[in-house]
Structures are given as structure tokens and as C-alpha cells.
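Here is the structure we will look at.
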Amino acid sequence: MGVVNVTPDSFSDGGRWIETEAAIAHGRELVAAGAAIIDVGGESTRPGAERPSAGEELRRVVPVVSALAEAGTVVSVDTMRAEVAAAALAAGAAIINDVSGGLSDPQMPALVAESAAPFVVMHWRGHAHDMQSRARYDDVVAEVCAEMLERVDVLLAAGAAREQLVLDPGIGFAKTAAHNWQLLSGLERVVDLGYPVLLGTSRKGFLGSVGRQEGAERPLDSRAVVTAVTSARAARAGVWCVRVHDVTATVDALDVATALGEVRGVGSA
Ligand code: PMM
């Protein structure tokens with residue numbers, strides 16, 4: 372899954388694809404590089420970010436979804452708003468990727484049930500402006516799994532089908548670097564819940580310190596290789612999909628993992 376953030380302030384690529392035409396062109400480049408799905412988002416979730424209005428989010432996302440879907444690309448919409456998800460589906464999106472797992476907007480579970488579209492249930496504990504204060508766990512893997520399953524219960528009770536649901540442990544969302552590493556090393560426990568799993572490590576803060584002296588962060592656009600290593604790790608654990616900004620490096624890593632027979636490929640959405 373290649374990422375197109377149509378935002379002025381995303382953590383990893385904010386401001387680069389805010390113009391509609393630039394965002395569409397970037398989506399096409401990621402498809403040419405080997406992405407099977409393009410994830411289009413109009414709201415930054417970086418720690419501390421303020422939310423755009425629904426109108427602004429629609430203005431950013433819908434034309435990009437529409438142009439990419441029209442060209443035959445499988446598009447997912449990265450949104451916490453049912454209104455935006457519905458408009459994106461009407462514009463041709465195939466998947467709803469909600470980083471709040473349906474917690475942020477009370478209308479989302481009903482839309483998921485009604486639409487029958489695949490729905491990504493990401494682990495989330497609150498909006499970006501104060502999420503890092505919620506990064507408290509005794510056993511992060513167990514608690515993330517339990518909290519995702521609570522969301523699954525809510526979605527099923529609202530009429531969603533089990534087959535629609537994809538789980539995502541939410542790397543970087545209300546988690547410290549240590550929590551992110553523990554989740555990455557415990558990925559098999561997430562996969563063993565029996566749902567397709569999506570993972571988003573791409574360019575995230577905890578990768579910034581790999582191979583560096585303390586205090587000297589790796590620049591965001593120099594994190595493709597470390598991200599690709601985590602993609603190979605995810606594939607070996609049986610993750611269904613990885614969400615990345617640098618598609619070429621991850622495609623190479625997944626090709627190596629495939630050649631080694633290490634891709635477990637559990638589930639589909
Ligand atoms: N991370 C970001 C945005 N959307 N969606 C899913 N399902 N999983 C993620 O980990 C995730 C996401 C934040 O990343 P970015 O703003 O750097 O693209």
C-alpha cells in the first residue's frame with residue numbers, strides 16, 4: 372500500500388502532495404513502482420496535529436480518489452469521518468482505513484456495515500493533539516490485541532461482517548519507541564488473532580534512531596531502507612499489507628522475502 376497524504380502537515384511528507392494534480396501524479400508513480408493499493412488521506416495524524424474541517428478534508432481527498440480509481444487503481448481512504456468515507460466510496464474507493472478503528476465518529480460502524488467495504492480497524496486511544504499521554508501499557512501486545520478486538524465486537528454488533536475487517540496495531544499512535552519495537556517483535560500474536568493485518572511503520576519516529584548516535588535523528592527521506600527491513604519482518608510474520616511511502620524499497624524487500632519462501636500471506640481483504 373503506497374501512501375498519498377494530501378495534507379500540509381503530515382509527519383513524513385506533509386505539504387508535498389497538497390495540490391490535487393501533484394497528489395494524483397504521485398499516486399500513479401507509486402502504482403508504477405509496484406503498489407497494489409493507494410491510501411489517500413486528507414488529515415494529518417502526527418502527534419500534536421489539529422484536525423481539518425470535514426469540508427476541507429473532502430476537498431483534499433475526493434478528487435484524488437476519483438482520478439486514481441477511474442484509472443483502475445485500488446484506492447483506500449484514510450479517514451476517521453464517516454461522511455468522508457462515504458464520499459470516497461462513492462468516488463470509487465474500495466477500502467476504508469480508519470486510524471481510530473471507528474472510535475472517532477459514531478456514524479462509522481453503521482457505514483461500514485452498510486457499505487460492505489473492507490475496513491481497517493487500527494489501534495487508537497485518542498486524537499493526535501494528546502495521544503502520547505495515553506502511551507501506558509503493562510503488556511503492549513496483549514493490550515493492543517484486546518482493544519482491537521473490542522472494536523471488532525462493536526463493528527460486528529453494528530452489522531459489519533467479520534470478512535470485512537482488517538486489524539492494524541497502530542505503530543506510533545499512543546506508543547513510545549519501545550512500545551513500537553515490542554509490537555514489531557510480537558507481530559505473530561497480532562496475526563494469530565485470525566484477521567488480515569495491516570502495518571504502518573513507514574518513516575516513523577522510532578526508526579529515526581536506528582544506526583545513529585543518540586540525538587542525531589535519521590532524516591525522514593533516509594528511512595526507506597529501515598522501513599523496508601520492517602516490511603520484510605512483517606511479511607515473515609504473516610502480515611497481509613504494509614503501508615509505505617517509499618514503495619520501491621519495500622517491493623524489493625518483499626521480493627527477497629518471497630524468494631526465500633518467507634511470505635506467509637495470511638488472509639485477504
Ligand atoms: N499511520 C499513519 C496514517 N495512517 N493508517 C494505518 N492503517 N496504519 C498506520 O500506521 C497509519 C495510517 C501516519 O503516517 P503518515 O502520516 O506518516 O503517513
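First residue of the sequence shown: 372, per my numbering; consecutive thereafter.
Where is the CB? At the ideal position from N, CA and C, for every residue including glycine.
> Rounded C-beta distance between V374 and S573? I'm assuming under 8 Å.
Replying inline: Along the sequence shown, read from residue 1 onward, the residue named residue 374 stands at position 3. Along the sequence shown, read from residue 1 onward, the residue named residue 573 stands at position 202. For V374 against S573, the beta-carbon gap comes to about 7 Å, under 8 Å, which counts as contact.
>> So the candidates are L460, P418 and E421; which of them puts its Cα closest to the Cα of W433?
In response: To locate residue 433, count along the sequence shown from 1; it is residue 62. The question names Trp, but residue 433 in the sequence shown is Val. Among L460, P418 and E421, the Cα nearest to that of V433 is on L460.
> Would DSSP call M451 helix, strand or coil?
Replying inline: Taking the sequence shown and counting its residues from 1, one reaches residue 451 at position 80. Coil, per DSSP.
> Which whole runs of the beta strand (DSSP E) in the segment 483-532 are 3 residues long or more, in chain order?
Replying inline: You should have 490-493.
> CA-CA distance, P423 and E392?
Replying inline: The count along the sequence shown starts at 1 and reaches residue 423 at position 52. The count along the sequence shown starts at 1 and reaches residue 392 at position 21. Rounded to whole angstroms, P423 and E392 show a C-alpha spacing of 20 Å.
>> Taking the alpha helix (DSSP H) that V622 belongs to, which residues open and close that run?
In response: Along the sequence shown, read from residue 1 onward, the residue named residue 622 stands at position 251. V618 to A630 is the span of the alpha helix (DSSP H), which, as asked, contains V622.
> What residue does the beta strand (DSSP E) around G373 start on, and which one ends it?
Replying inline: Walking along the sequence shown from the start, residue 373 turns up at place 2. G373 to N376 is the span of the beta strand (DSSP E), which, as asked, contains G373.
>> Our contact map puts V362 next to V446 with C-beta atoms below 8 Å; I'd like the distance itself, whole angstroms only.
In response: Residue 362 is absent from the model: the chain starts at 372 and stops at 640.
> With distances taken between CB atoms, is the gap from A606 to R560 smaller than 9 Å?
Replying inline: Taking the sequence shown and counting its residues from 1, one reaches residue 606 at position 235. Taking the sequence shown and counting its residues from 1, one reaches residue 560 at position 189. Contact flag unset, no.
> Do the CB positions of V491 and I466 come within less than 9 Å of each other?
Replying inline: Taking the first residue of the sequence shown as 1, we reach residue 491 at position 120. Taking the first residue of the sequence shown as 1, we reach residue 466 at position 95. Yes, the pair counts as a contact, with Cβ atoms nearer than the cut-off.
> Looking at C-alpha atoms only, which residue of L631, P590 and A487 is the closest neighbour of R533?
Replying inline: For the purposes of this step, residue 533 is taken as residue 162 along the sequence shown, with counting starting at 1. The candidate whose alpha carbon is nearest that of R533 is A487.
> Considering V661, what are the terminal residues of the alpha helix (DSSP H) in which it resides?
Replying inline: In the structure as shown, the chain starts at 372 and stops at 640, and residue 661 therefore has no counterpart that could be examined.
>> In whole angstroms, give me the CA-to-CA distance for E454 and D592.
In response: Sequence index remark: in the sequence shown, residue 454 carries index 83 (1-based). Sequence index remark: in the sequence shown, residue 592 carries index 221 (1-based). Going by C-alpha positions, E454 is about 33 Å away from D592.
>> Just list the residues that DSSP pairs I466 with in beta bridges.
In response: If you number the sequence shown from 1, residue 466 lands on position 95. Residue pairing for I466: DSSP places it in a beta bridge opposite S447.
>> P540 and C612 - do their beta-carbons sit closer together than 9 Å?
In response: Translated into positions along the sequence shown, residue 612 becomes position 241. Translated into positions along the sequence shown, residue 540 becomes position 169. Result no, Cβ atoms of C612 and P540 do not sit closer than 9 Å.
>> Tell me the DSSP secondary structure of G412 in three-state form.
In response: The count along the sequence shown starts at 1 and reaches residue 412 at position 41. Strand at G412.
>> Rounding to the nearest angstrom, what Cα-Cα distance links Q535 and V597 in this structure?
In response: The residue you call residue 535 lines up with position 164 of the sequence shown. The residue you call residue 597 lines up with position 226 of the sequence shown. One C-alpha to the other measures close to 31 Å.
>> When you compare the CB positions of I389 and L401, do they come within less than 9 Å of one another, or not?
In response: On the sequence shown, residue 389 is found 18 positions in, with the first residue counted as 1. On the sequence shown, residue 401 is found 30 positions in, with the first residue counted as 1. No, these two residues do not count as a Cβ contact at 9 Å.
> Can you find a heavy atom of the ligand PMM that lies under 8 Å from the Cβ of L570?
Replying inline: The residue you call residue 570 lines up with position 199 of the sequence shown. Checking every heavy atom of the ligand PMM against the Cβ of L570, one is found closer than 8 Å.
>> In the DSSP assignment, the alpha helix (DSSP H) including L555 goes from what residue to what residue?
In response: Your numbering for residue 555 matches position 184 in the sequence shown. Looking at the DSSP string, the run of the alpha helix (DSSP H) that includes L555 is A548 to S556.
> Hey, out of F577, S475, S437 and D469, whose CA is closest to A458's CA?
Replying inline: Here the question's residue 458 lines up with position 87 in the sequence shown. Residue S437 is the option with its Cα nearest to A458.
> For S602, is the classification buried or exposed, using 16 other Cβ atoms within 10 angstroms of its Cβ as the cut-off for buried?
Replying inline: Position 231 of the sequence shown holds residue 602. The residue is buried, with at least 16 neighbouring Cβ atoms inside 10 Å.
> Buried or exposed: P477, going by 16 or more other Cβ atoms within 10 Å of its Cβ?
Replying inline: By one-based count along the sequence shown, residue 477 stands at place 106. Burial call: exposed.
> If you compare alpha carbons, which of P590, G405, G463 and V622 is closest to A599?
Replying inline: Position 228 of the sequence shown, counted from the first residue, corresponds to residue 599. Check the Cα spacing between A599 and each of P590, G405, G463 and V622: the tightest is with V622.
>> Going by DSSP, what residue range makes up the beta strand (DSSP E) through L578?
In response: Against the sequence shown, residue 578 aligns to sequence position 207. From DSSP, L578 is part of no beta strand (DSSP E); its letter is neither H nor E.
>> How far does the beta strand (DSSP E) with L331 in it extend, from its first residue to its last?
In response: Limits of the chain in this structure are 372 at one end and 640 at the other, which puts residue 331 out of reach.
> Can the beta-carbon of R399 be found closer than 9 Å to that of A442?
Replying inline: Along the sequence shown, one-based indexing puts residue 399 at 28. Along the sequence shown, one-based indexing puts residue 442 at 71. It is a contact, given that the beta carbons lie within the stated cut-off.
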